[in-house]
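Notes for the one structure printed next.
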DNA sequence: ATCTACTCCTGATTGC
DNA sequence: TGCAATCAGGAGTAGA
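Numbering (the working numbering), first residue to last: 831 to 1099.
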């Protein structure tokens, strides 16, 4: 399941196509999270790629006249094959053709998406997003202001992409553990000091994960090696009943907003 | 305006 | 061994 670091890693891997000419795009299955606009996609031929960037968990491929917006959803992956390769897989939904390679979007659960638009900044998926979690505009002052109007608990707040982007269920749990804050606390009661801890740990964990995510880079060139994400050590996520690495008390699991939350009752208040 | 429940989907795991 | 039930989760949407 790609979180922001995996998306960043994917973006870096496919950035090799910057400056290259996208010959055409083949859509094998348009039924992704949103139906792919095949009609417009078909008009793409011999289009030079101006840039490949990331915003939140979206990968943006900028062409001269259009921008492609890709979301990997839960199970989406991209892989690069030599143009002559026939190594197809189940759930290969979209193929991007270049001179010597093809780039394949594979997504078993189809929670991912592909959009094509003329103005990405106005696109409904991108227009209301909060700051990047590892950038300086996500800081303690910003967070302290933002929490005042929210009545939700800390974990739900962190996972809301309007507040800050890129934090999924796993990192929300890990960040709150590292910051020593309970996922059940109402976010509006956080002190300035708490906000600073959340921001500091977010920066640290996301940057560390991006750094480690880089080790999966080869996956995109070696289609058979499909493991390799979440190499960072998880302290709470998926560790119900196991000992807290800090105090040895058992890690608890609760359900918040239909999602599992893992935390240490003693270390997080 | 803000929050929560629901929803999409398939592979992996668990239970009988 | 096999089949069915359960779980996982990003994030938009409807409804409270």
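Ideal placement from N, C-alpha and C gives every residue a C-beta, glycine not left out.
Leaving out the 5 sequence neighbours to the left and right, which residues in its chain are closer than 6 Å to residue i when beta-carbon positions are compared?
i	result
residue 906	937 and 942
residue 1076	1097
residue 940	862
residue 856	925
Could you have a look at residue i and say whether DSSP puts it in helix, strand or coil?
i	result
residue 873	coil
residue 1070	strand
residue 1078	coil
residue 897	strand
residue 881	strand
residue 833	coil
residue 846	helix
residue 988	helix
residue 1093	strand
residue 909	strand
Beta-carbon within less than 7 Å of residue i's beta-carbon, same chain only, minus the 5 sequence neighbours each way: which residues are those?
i	result
residue 1031	1005, 1008 and 1009
Using C-beta distances below 8 Å, list every residue in its chain close to residue i, excluding the 5 sequence neighbours before and after it, in chain order.
i	result
residue 1011	984, 1020, 1024, 1027, 1028, 1098 and 1099
residue 995	834, 885, 886, 887, 959, 960, 961, 962 and 963
On a CA-only basis, which of the options is nearest residue i? Give me that one, please.
i	options	result
residue 879	903, 911, 845 and 967	845
residue 895	856, 931, 861 and 947	947
residue 839	1064, 1073, 1038 and 1087	1038
Measure the Cβ-Cβ separation of residue i and residue j and say whether it is below 8 Å.
i	j	result
residue 1081	residue 1069	yes
residue 847	residue 902	no
residue 899	residue 953	yes
residue 1001	residue 1035	yes
At a cut of 8 Å, does the region 953 to 960 reach the region 919 to 926 through at least three beta carbon pairs? Counting Cβ pairs under 8 Å, fewer than three are found: no touch.
Count the C-beta pairs between the region 903 to 920 and the region 972 to 982 that are closer than 8 Å, then say yes if the count reaches three, no if not. Pairwise C-beta distances place the region 903 to 920 out of contact with the region 972 to 982, as fewer than three of them are shorter than 8 Å.
Decide yes or no for the touch test of the region 863 to 871 against the region 883 to 891: beta carbon pairs closer than 8 Å, at least 3 of them. Not touching, per the Cβ criterion.
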